[in-house]
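Taking it in order: structure first as structure tokens, then the write-up.
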Amino acid sequence: MRKPFIAGNWKMHMTAETGAALIKELAPLVKDANCDVAFCVPAILIPAMTEAAKGTNIAIGAENVHWEKEGAYTGEISCDMLLEYGVKYAIVGHSERRQYFGETDLGVNKRAKAALAAGITPIVCVGETLAERLAGSTEAVIREQMEVGLAEIEDITKVVIAYEPVWAIGTGVVATNEQAEETIAFIRSEIGRIFCPKCAENVIIQYGGSMNAANCRGLMAQPDIDGGLIGGASLTKDFAEIVNYDKPRTNG
Ligand code: PEP
């Protein structure tokens, strides 16, 4: 059985003060969640958010991690630095990193492998652009991202995959339930092909892209969707509604 996993991605939002206030506000609202819950936060906020989330069921993750133990990599963060604060997850290969900072599938692979070796769960993002979807190359693009990005990973069940169609991220245009399910089922079948069928059954695959309190139930009802990577809606109380997708709504 796969335990659902809802993670927020704060991107370059929040301060120590506003972030801690949000965690304090949300903690009682998500305490009975039937899913795993995390916030991936800017590196500088990790110590304060770890402190704010102490004693709650909210785990803290990073938005990226470097593959080297240490060295001349200005602006990067190592696994050891994250482990010092008990960080459990690290997003790897987010489309914004690929688009604005030139990250490649090869780098994604190095980051994911380093995280795994350190005992940090990588949340590996894959997804197609609108042009790629319209050209009918969604599956080819994702296959390539997976074959390179997940190469030589020994235990794929320790990886979380986030399917994030680039055209749905931060746009308010969510994939339909059917589009999300179809592509995530494809990702699962690729895990079966690249790794093993049994592994495929056990890998957590999230959907990400304008997921919010209004559309989360339909997405989470799909058989292959095990959770969400939530950007904008993780900055507000809406996040609790998403985490509680399996319970009656509290705000209509
Ligand atoms: C994301 O940043 O991974 C994301 C899915 O953003 P949003 O929910 O804002 O589309």
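Residue numbers (the numbering used here): 21 to 272. A virtual CB, placed ideally from N, CA and C, is assigned to each residue, including glycine. From a predicted model like this one, the values you see are computed outputs, not experimental measurements.
Does the beta carbon of residue i fall short of 7 Å from some heavy atom of the ligand PEP?
i    : result
E184 : yes
N84  : no
G212 : no
S209 : no
S157 : no
G81  : no
H114 : yes
N264 : no
I181 : no
A63  : no
G247 : no
A188 : yes
I250 : yes
A110 : no
M69  : no
A253 : yes
M231 : yes
I169 : Inspection of the sequence shows that residue 169 is occupied by Gly rather than by Ile. Result no, Cβ not under 7 Å from the ligand PEP.
G228 : yes
Classify residue i as helix, strand or coil using the three-state DSSP reduction.
i    : result
C120 : The question names Cys, but residue 120 in the sequence shown is Tyr. Helix, per DSSP.
D258 : helix
A241 : coil
V61  : strand
N222 : helix
G248 : strand
M47  : A small fix is needed here, since residue 47 is Ala in this sequence, not Met. If DSSP states are grouped into helix, strand and coil, A47 belongs with the helices.
G169 : helix
G81  : strand
G39  : helix
A27  : strand
Just checking residue i against the ligand SAH - is the residue's beta carbon closer than 7 Å to any of the ligand's heavy atoms?
i   : result
K31 : As for the ligand SAH, it is missing from this structure, which binds only the ligand PEP.
Does the count of Cβ pairs from the segment 162-176 and the segment 129-137 closer than 8 Å reach three?
yes
Enumerated in chain order, which unbroken segments of the alpha helix (DSSP H) with a length of 4 residues or greater are wholly contained in the segment 86-165?
99-103, 115-121, 125-138 and 150-154
Does the contact criterion of 3 or more C-beta pairs under 8 Å hold for the segment 185-203 versus the segment 213-222?
no
Three or more beta-carbon pairs under 8 Å between the segment 220-231 and the segment 246-254, yes or no?
yes
Length-filtered (4 minimum) alpha helix (DSSP H) runs lying within the segment 171-219:
197-214
Do the segment 118-126 and the segment 155-162 touch if we need at least three Cβ pairs shorter than 8 Å?
no
Answer yes if the segment 99-106 comes into contact with the segment 43-54, meaning at least three C-beta pairs across the two stretches below 8 Å, and no otherwise.
no
Does the segment 57-67 touch the segment 86-93, meaning 3 or more C-beta pairs lie closer than 8 Å?
no
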